[in-house]
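Chemist: Submitted below is the structure of interest, expressed as structure tokens.
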Amino acid sequence: MPDINEKVAQLENFIMKKCLWQFHSRAWDRKRQNENILGMTAKLLCGEEVDTSKPEDKCYWVDASYLAENYRERFDWFSTMSNDEIKELMQALRERIDFVTVDGSLNEELKDPRY
Amino acid sequence: MPYHEFDCSKCIPERKKHAVVKGPEDDLTKALPLGYLNTIPGSISERGCAYCGAKHVIGTPMKDVIHISHGPTGCTYDTWQTKRYISDNDNFQLKRTFATDVKEKHIVFGAEKLLKENIIEAFRAFPEIKRMTIYQTCATALIGDDIDAIAQEVMDEMPDVDIFVCNSPGFGGPSQSGGHHKINIAWINQKVGNVEPVITSDYVINYVGEYNIQGDQEIMLDFFRRMGIQVLSTFTGNGSYDELRSMHRAHLNVLECARSAEYICNELRVRYGIPRLDIDGFGFEPLASSLRKVGRFFGIEERAEKIIEEESARWKPELDWYKERLTGKKICLWPGGSKLWHWANVIHEEMGLDVVSVYTKFGHQGDMEKGIARCEVGALAIDDPNELEGLEAMYKLKPDIILTGKRPGEVAKKIRVPYLNAHAYHNGPYKGFEGWVRFARDIYNAIYSPIHQLSYLDISKDEIPDDGGFKTQRMYSDATLPEAVKTSSAMREYTGKYDIIAELRKREYPEFNKKQ
Chain A
344 MPDINEKVAQ LENFIMKKCL WQFHSRAWDR KRQNENILGM TAKLLCGEEV DTSKPEDKCY
404 WVDASYLAEN YRERFDWFST MSNDEIKELM QALRERIDFV TVDGSLNEEL KDPRY
Chain B
12 MPYHEFDCSK CIPERKKHAV VKGPEDDLTK ALPLGYLNTI PGSISERGCA YCGAKHVIGT
72 PMKDVIHISH GPTGCTYDTW QTKRYISDND NFQLKRTFAT DVKEKHIVFG AEKLLKENII
132 EAFRAFPEIK RMTIYQTCAT ALIGDDIDAI AQEVMDEMPD VDIFVCNSPG FGGPSQSGGH
192 HKINIAWINQ KVGNVEPVIT SDYVINYVGE YNIQGDQEIM LDFFRRMGIQ VLSTFTGNGS
252 YDELRSMHRA HLNVLECARS AEYICNELRV RYGIPRLDID GFGFEPLASS LRKVGRFFGI
312 EERAEKIIEE ESARWKPELD WYKERLTGKK ICLWPGGSKL WHWANVIHEE MGLDVVSVYT
372 KFGHQGDMEK GIARCEVGAL AIDDPNELEG LEAMYKLKPD IILTGKRPGE VAKKIRVPYL
432 NAHAYHNGPY KGFEGWVRFA RDIYNAIYSP IHQLSYLDIS KDEIPDDGGF KTQRMYSDAT
492 LPEAVKTSSA MREYTGKYDI IAELRKREYP EFNKKQ
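Chains as they are written, first to last, in the numbering used here: chain A, 344 to 458; chain B, 12 to 527.
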């Protein structure tokens with residue numbers, strides 16, 4: 344069973360190889376994407392309901408549900424985790440993705456105030 | 012930072028921060044080159060200009076439009092022979108290119124009168140076309156010609172025409188990408204919201220950042236139509252001017268090339284609340300996921316699943332045939348801004364190719380983030396390479412093929428590296444399931460071309476064999492394959508037709524009742 348850092352690395356690798364939503368063009372966009380998509384993914388992995396009544400939320404949910412399905416399919420260890428453990432893991436993932444794509448990013452365009 | 016310094020660029024020290032090697036322990040906070048900056052003096056860049064990025068990449072794929080450059084005829088160079096964004100109206104916008112033919116005397120005395128004469132002459136020559144785009148160029152921007160005023164004069168005199176003005180002269184940005192940005196913002200400011208569309212489906216999208224290279228857009232349009240989705244507009248390949256004025260009525264923006272068109276998606280989200288969904292149209296698995304996501308957004312995922320099942324069953328055995336023969340071959344992925352990240356992972360996973368380098372001439376750091384994240388460890392990532400750096404990289408990395416544009420591609424040929432045209436394609440379309448097989452077929456044909464094999468011999472020193480006869484691609488590609496693979500009946504070469512777009516244009520689609 345991998346430890347939490349190894350799990351985060353595996354989940355991060357999947358996002359980096361298969362997803363595009365984490366690379367919107369500005370820092371505030373990226374934070375918003377990370378918060379909403381990873382937040383919804385955590386809920387879905389824990390079997391909780393998500394609100395998709397607004398088009399924006401439905402779009403987040405589309406990416407989040409893709410992620411949750413693939414995580415469950417590819418990483419067996421999810422089935423042995425409690426909801427609290429999943430939430431802790433997803434919070435660690437969120438912090439890692441925030442760091443790689445925003446806070447620690449070398450992309451100088453992220454701070455541009457306009458699109 | 013794992014910067015890579017080219018021997019040929021040691022005399023331009025600023026270039027060092029424009030190339031990195033992705034190391035085993037590196038993430039994007041450690042390995043990312045600079046990007047989207049002015050070209051460094053002394054580095055002979057191969058970039059396009061901001062005018063080119065606006066007109067030749069984004070504006071001109073619009074099909075029912077007279078596209079006119081206000082400047083010298085040379086600015087209209089890119090047309091039928093270099094661009095392949097076809098359209099279903101007999102390629103009107105590609106076959107005919109217009110310029111006001113500005114000369115030195117106009118630089119001295121002004122070219123506004125000349126512009127007006129040209130606009131009217133063009134509309135009279137093609138009376139069935141009522142839409143026009145006009146592009147500022149360096150020369151007419153410098154003399155201060157007021158294109159907006161002239162366009163308005165003409166629209167006042169000819170009320171049945173509509174004109175879009177794009178002020179993106181060549182010098183208006185570090186590269187063509189500056190022009191992408193300008194035309195995105197100009198279009199939404201000037202034109203979006205001006206036309207109310209007829210809505211025929213409960214599921215309405217704009218398909219954004221897709222330029223119909225050899226029919227890519229028509230392949231994707233086919234999938235969307237089979238799902239009962241109304242594609243209100245395509246920005247801009249095979250797109251219609253008036254449909255693009257009605258983008259504000261879509262339920263979802265499906266974005267393909269974020270490099271060239273994320274700006275308009277972002278603005279549509281801010282101004283009209285239309286969400287942005289980034290997708291990959293290349294490769295079986297990414298395309299399947301993309302269709303599922305679009306279907307899921309509208310609650311019609313089962314329609315996507317049906318397409319994925321049919322297409323995969325038909326084409327996967329052919330993709331596998333090529334994968335067996337391409338696995339382990341080294342590739343330099345040197346296309347434009349978005350294809351490097353669309354392809355960086357899937358070309359490795361689904362064709363077995365090892366990406367040893369990614370580069371972009373005009374991409375931003377955001378594109379490099381995506382590209383480096385998706386490629387494997389050891390890849391050399393280069394921003395805005397000059398020709399000498401490209402050559403040095405090829406000598407060092409010894410790729411089996413490079414995917415790039417026709418100009419750097421010809422350079423590669425000179426040092427006997429096969430190249431495939433990643434911009435305009437060789438035998439596209441490359442999108443869609445069948446398209447991805449065509450792409451694999453073209454890569455296979457390039458790597459194993461008997462002519463290229465002959466070119467590896469140097470007639471000035473090598474012994475030229477004269478007893479082997481002519482060899483085929485298959486003889487080269489299958490030489491080391493296991494017998495079970497060579498004779499497998501589960502895999503086959505590409506069996507599609509030469510032209511796969513003509514039939515699509517005649518296709519009839521199922522009717523799905525509109526609920527609302």
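Don't be surprised by glycine CBs; every beta carbon is placed ideally from N, CA and C.
Computed from a prediction, not measured in an experiment: that's the story for all the values here.
1. Could you check whether the Cβ of Ile-358/A sits closer than 7 Å to any heavy atom belonging to the ligand MG?
2. Can you tell me which of the three DSSP states Gln-365/A falls into?
3. Name the two residues that bound the continuous alpha helix (DSSP H) containing Cys-86/B.
4. Just to make sure I have the definition right: I need the residues of chain B whose C-beta is within less than 9 Å of the C-beta of Asn-450/A. Which are they?
5. Which residue wins for smallest C-alpha separation from Leu-105/B, given the options His-67/B, Arg-135/B, Ala-136/B, His-81/B?
6. For Lys-271/B and Thr-491/B, what's the separation of their Cα atoms in angstroms?
7. In whole angstroms, what separates the C-alpha of Leu-232/B from that of Met-344/A?
8. For chain A, check one thing: does any of its Cβ atoms lie closer than 8 Å to the Cβ of Pro-185/B?
9. List the residues of chain E that Asp-289/B touches, going by C-beta distances under 9 Å, in chain order.
10. Assign Leu-381/A to one of two classes, buried (16 or more other C-beta atoms within 10 Å of its C-beta) or exposed (fewer than that).
11. Since Leu-431/B sits in a beta bridge, which residues does DSSP pair it with?
12. Pop quiz: Leu-414/B and Leu-468/B are said to be a contact at Cβ under 8 Å. What is the actual Cβ separation, rounded to whole angstroms?
13. By the criterion of Cβ-Cβ separation under 8 Å, what are the contact partners of Leu-263/B in chain A?
14. What residues in its chain sit with their C-beta under 8 Å from that of Thr-84/B, if we drop five residues either side in the sequence?
15. What did DSSP end up calling Val-405/A once you bin it into helix, strand or coil?
16. Where DSSP assigns a beta bridge to Ile-77/B, which residues make up the other side?
17. Pick out whichever of Lys-361/A, Met-424/A, Lys-401/A has its Cα sitting closest to the Cα of Ala-299/B.
18. In this structure, how does DSSP classify Asn-129/B when only helix, strand and coil are distinguished?
19. Find the nearest neighbour of Glu-312/B within the set Phe-235/B, Glu-229/B, Asp-18/B, judged by alpha-carbon distance.
20. For Met-383/A, which residues in chain B fall below 7 Å Cβ to Cβ?
21. Please name the residues in the stretch 304-320 of chain B whose beta-carbon is closer than 7 Å to at least one beta-carbon of chain A, in chain order.
22. Within the same chain, show all residues whose beta-carbon is closer than 8 Å to that of Val-367/B, passing over the 5 residues directly before and after it, in chain order.
23. Just the chain B side, please: which residues come within less than 8 Å of Tyr-414/A by C-beta, in chain order?
24. With H, G and I counted as helix, E and B as strand and the rest as coil, what does DSSP make of Leu-105/B?
25. Under a CB-based cut-off of 8 Å, is Val-393/A close to chain B?
26. Chain A beta carbons: is any one of them nearer than 8 Å to that of Ser-20/B?
27. Kindly indicate which residue of Pro-138/B, Ala-42/B, Cys-19/B has the alpha-carbon position closest to the one of Ser-448/A.
28. From this set, His-359/B, Gly-339/B, Glu-207/B, Thr-371/B, which residue's C-alpha is nearest Leu-351/B's C-alpha?
29. Does Val-351/A come within less than 8 Å of chain B when only Cβ atoms are used?
30. Take His-259/B as the anchor and find which of Gly-284/B, Pro-476/B, Tyr-88/B, Met-166/B has the nearest alpha-carbon.
31. Tell whether a beta-carbon distance below 8 Å holds between Ala-162/B and Ile-145/B.
32. What would DSSP say about Lys-41/B, mapped onto helix, strand or coil?
33. Taking C-alpha atoms, which residue in Tyr-252/B, Phe-481/B, Gly-480/B, Glu-335/B lies nearest to Arg-142/B?
34. Mapping the DSSP letters down to three states, classify Gly-248/B as helix, strand or coil.
35. For Gln-187/B, which of Leu-302/B, Leu-48/B, Arg-307/B, Val-369/B has the nearest alpha-carbon?
36. Taking only three categories from DSSP, how would you classify Ala-355/B?
Modeler: On the basis of the coordinates in this document:
1. Looking at this structure, you won't find the ligand MG or any other ligand, since it has none at all.
2. The residue labelled residue 365/A in the question sits at position 22 within the first sequence. Assignment of Gln-365/A by DSSP, reduced to helix, strand and coil, places it in the helix class.
3. As a position in the second sequence, residue 86/B is number 75, starting the count at 1. In this chain, Cys-86/B is not harboured by any alpha helix (DSSP H), its DSSP state being neither H nor E.
4. As a working note, residue 450/A is residue 107 in the first sequence. Asn-450/A reaches chain B at Leu-39, Leu-43, Gly-46, His-375, Gln-376, Gly-377, Met-379, Glu-380, counting residues in chain order whose Cβ is nearer than 9 Å.
5. As a first step, residue 105/B must be located in the second sequence, where it is residue number 94. Answer by Cα proximity: His-67/B.
6. On the second sequence, position 260 is the one that residue 271/B refers to. On the second sequence, position 480 is the one that residue 491/B refers to. In the sequence on display, residue 271/B carries Ser and not Lys. Roughly 42 Å between the two C-alpha positions.
7. To locate residue 232/B, count along the second sequence from 1; it is residue 221. To locate residue 344/A, count along the first sequence from 1; it is residue 1. CA-CA distance, Leu-232/B to Met-344/A, rounds to 45 Å.
8. What you label residue 185/B is simply residue 174 of the second sequence in a count that begins at 1. Closer than 8 Å: no.
9. The chain labelled as chain E is not found among the protein chains of the depicted structure, namely A and B.
10. The sequence position of residue 381/A within the first sequence is 38, counting from 1. With 16 or more other Cβ atoms within 10 Å, it is buried.
11. Indexing the second sequence from 1 puts residue 431/B at position 420. Beta-bridge partners assigned by DSSP to Leu-431/B: Leu-414/B.
12. Position 403 of the second sequence holds residue 414/B. Position 457 of the second sequence holds residue 468/B. About 25 Å; that fails the 8 Å criterion.
13. Start at 1 with the first residue of the second sequence, and residue 263/B comes out as number 252. By Cβ distance, chain A contributes Pro-398, Cys-402.
14. Against the second sequence, residue 84/B aligns to sequence position 73. Cβ within range, chain order: Ala-110, Asp-112.
15. In the first sequence, counting from the first residue as 1, residue 405/A sits at position 62. Helix at Val-405/A.
16. Stepping through the second sequence from its first residue, residue 77/B is reached at position 66. Ile-77/B pairs with Met-143/B.
17. Your numbering for residue 299/B matches position 288 in the second sequence. For the residues Lys-361/A, Met-424/A, Lys-401/A, the minimum Cα distance to Ala-299/B belongs to Lys-361/A.
18. Counting from one through the second sequence, the residue named residue 129/B turns up at place 118. Correct three-state label for Asn-129/B: helix.
19. As a first step, residue 312/B is located in the second sequence; it is residue number 301 there, counting from the start. Nearest of Phe-235/B, Glu-229/B, Asp-18/B to Glu-312/B, Cα basis: Phe-235/B.
20. By 1-based counting over the first sequence, the position of residue 383/A is 40. Against chain B, a Cβ distance below 7 Å from Met-383/A picks out nothing, because the smallest value is about 13 Å.
21. Taking 7 Å as the Cβ-Cβ cut-off, the stretch 304-320 of chain B approaches chain A at Lys-304, Arg-307, Phe-308, given in chain order.
22. Here residue 367/B corresponds to residue number 356 of the second sequence, with the count starting at 1. The residues are Lys-341, Ile-342, Cys-343, Gly-389, Ala-390, Leu-391, Leu-408, Pro-410.
23. Here residue 414/A is taken as the residue at index 71 of the first sequence, counted from 1. Against chain B, a Cβ distance below 8 Å from Tyr-414/A picks out nothing, because the smallest value is about 14 Å.
24. Counting from 1 along the second sequence, the entry for residue 105/B is found at position 94. Under the three-state reduction of DSSP output, Leu-105/B falls in the helix class.
25. Position 50 of the first sequence, counted from the first residue, corresponds to residue 393/A. No, its Cβ sits nowhere closer than 8 Å to a Cβ of chain B.
26. Here residue 20/B refers to the residue found at position 9 of the second sequence. At a cut-off of 8 Å between C-beta atoms, Ser-20/B does not count as an interface residue with respect to chain A.
27. On the first sequence, position 105 is the one that residue 448/A refers to. Cα-wise, what sits closest to Ser-448/A is Ala-42/B.
28. Residue numbering aside, residue 351/B sits at position 340 when the second sequence is read from its first letter. Checking every option, the nearest Cα to that of Leu-351/B belongs to Thr-371/B.
29. Taking the first residue of the first sequence as position 1, residue 351/A is located at position 8. False, the Cβ-Cβ gap to chain B never drops below 8 Å.
30. Stepping through the second sequence from its first residue, residue 259/B is reached at position 248. Taking only the C-alpha atoms, the option nearest His-259/B is Gly-284/B.
31. Residue 162/B sits at position 151 when you count from the first residue of the second sequence. Residue 145/B sits at position 134 when you count from the first residue of the second sequence. A contact, by the Cβ cut-off of 8 Å.
32. Position 30 of the second sequence, counting from 1, holds the residue named residue 41/B. Three-state DSSP puts Lys-41/B in coil, outside helix and strand.
33. Indexing the second sequence from 1 puts residue 142/B at position 131. When only C-alpha atoms are compared, the closest one is Tyr-252/B.
34. Stepping through the second sequence from its first residue, residue 248/B is reached at position 237. Judged by DSSP in its simplified three-state form, Gly-248/B adopts coil rather than helix or strand.
35. For the purposes of this step, residue 187/B is taken as residue 176 along the second sequence, with counting starting at 1. Checked all of Leu-302/B, Leu-48/B, Arg-307/B, Val-369/B; the closest Cα to Gln-187/B is Leu-48/B.
36. Reading the second sequence from its first residue, position 344 is the one you call residue 355/B. The answer is coil: DSSP assigns Ala-355/B none of H, G, I, E or B.
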